[in-house]
DNA sequence: CAGAGAAAGTTTGCTTGTCAACTATTGTCA
DNA sequence: TGACAATAGTTGACAAGCAAACTTTCTCTG
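Residue numbers (our numbering), protein chains in the order written: chain A, 2 to 166; chain B, 2 to 166.
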């Protein structure tokens, strides 16, 4: 990915400040890895003529939820996107017949996004592709235990990032 | 972040397939952590009335490069964005007087994005904010050694993801 | 050397998500 | 109770990035 022949030159510049901040290095890796894996997943889904990755995230998140439904706010938080963004995203999935919007009786402000059978069906179709790509990316060089360790570290960082906003 | 009171219910749904795939769990953590930290960085930069995060990434990447300049293609790859996307991004930075576009003598197809003094200046202004946010997110619960370990794991995953495209 | 093909960048059209404003409902407390 | 604040969600305008088509330049082969 990187031009390896120039890597050392890139890294050894006489920078303006004391170089190689381990946090920044870790952050760069996080960013690039996220982008790389996301790209691969997208690519695989497109190649299989399936909907884009955010659709999968919605379906998978709802599938794991208690009644296969979630408040819009909860779903937005789980996907880490804006509420406004989620409204439109859900609109698209509803238009595709995968989801349904329900309104709460006790609190008429809240609305639920509910998974429909067609959504489950599509999810089952997308899952193997996603699973295969993730397996290729993760288990190629990481054991299951390491993957778990990775997850724990990431969760630590996330909790730090979320806590003090 | 998650509604903890319902977490067990969410996790223990009688799913359609054998639940808790460690890879998927790790991937979810990766996604959410990335989004959370990115959000915090954005927020901090906006609060300081500074340009958005992608601008910092461009400046920081060029600053580390040999002559403080990079081919458009190399830069796009380092930032993991499309070349088309980078063209516009660089256009904006040039319009802001932070970068300069140079053309190669020996190969007139390539063009370089070169950091200008104003860009270095702005970078120095942004760096402490970014550094502080990353420190808050990472060093709160991770030692330096752990951060390094995290980076290594992420790099493994990235190399797997990049290798077979 | 000519011409097909590859490579580097840019441009165009479109999708997607964010931000801020807005509506509607609920909670609070004086 | 009644007004004011808080919460949930939606909407509209806008910005940012992607995909694909296109231009230019280089490379390689016959």
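Glycine included, C-beta positions come from ideal geometry on N, C-alpha and C.
Chain-ordered chain B contacts of residue i [CB-CB under 7 Å]
i, result
"residue 23(A)", "145, 148, 149"
"residue 26(A)", "152"
"residue 135(A)", "24, 25, 28"
Interface flag, residue i vs chain A, CB-CB below 8 Å
i, result
"residue 139(B)", "yes"
"residue 31(B)", "yes"
Chain-ordered neighbours of residue i on chain A, where CB pairs are closer than 8 Å
i, result
"residue 142(B)", "157, 158, 160, 161"
"residue 38(B)", "28, 31, 158, 159, 162"
"residue 132(B)", "22, 24, 25"
Below-8 Å beta-carbon distance, residue i vs any chain B residue
i, result
"residue 154(A)", "yes"
"residue 14(A)", "Model confidence at residue 14(A) stands at a pLDDT of 41, short of 50, so the residue's coordinates are unreliable; what they give is reported in the following sentence. Output row for residue 14(A): interface = yes."
"residue 81(A)", "yes"
"residue 119(A)", "no"
"residue 84(A)", "no"
Three-state secondary structure assigned by DSSP to residue i
i, result
"residue 100(A)", "strand"
"residue 72(B)", "strand"
"residue 88(A)", "helix"
"residue 140(B)", "coil"
"residue 62(B)", "helix"
"residue 157(B)", "helix"
"residue 49(A)", "coil"
"residue 32(A)", "helix"
"residue 39(A)", "helix"
"residue 117(A)", "coil"
Expected contact under 8 Å - CB spacing of residue i and residue j to nearest Å
i, j, result
"residue 143(A)", "residue 160(B)", "11 Å between Cβ atoms; not a contact."
"residue 38(A)", "residue 23(B)", "About 15 Å; that fails the 8 Å criterion."
"residue 135(A)", "residue 64(A)", "Between residue 64(A) and residue 135(A) the Cβ distance is about 16 Å, and since that is not below 8 Å, they are no contact."
"residue 107(A)", "residue 80(A)", "Not really, about 25 Å apart at Cβ, beyond 8 Å."
"residue 138(A)", "residue 162(B)", "4 Å"
"residue 35(A)", "residue 31(B)", "6 Å"
"residue 54(A)", "residue 116(A)", "About 17 Å; that fails the 8 Å criterion."
"residue 102(A)", "residue 112(A)", "6 Å"
Chain B contact residues for residue i, given Cβ-Cβ distances below 8 Å
i, result
"residue 34(A)", "31, 155, 156, 158, 159, 162"
Amino acids of chain B, ordered along the chain, whose beta-carbon sits closer than 9 Å to that of residue i
i, result
"residue 109(A)", "None at all; the shortest Cβ gap to chain B is about 20 Å."
Could you tell me whether the segment 144-151 of chain A touches the segment 60-73 of chain A, using the rule of 3 or more Cβ pairs below 8 Å? no
Quick test of the definition: if touching needs 3 or more C-beta pairs under 8 Å, does the segment 96-103 of chain A touch the segment 117-134 of chain A? yes
Any contact of the segment 42-52 of chain A with the segment 39-50 of chain B, i.e. 3+ C-beta pairs under 8 Å? no
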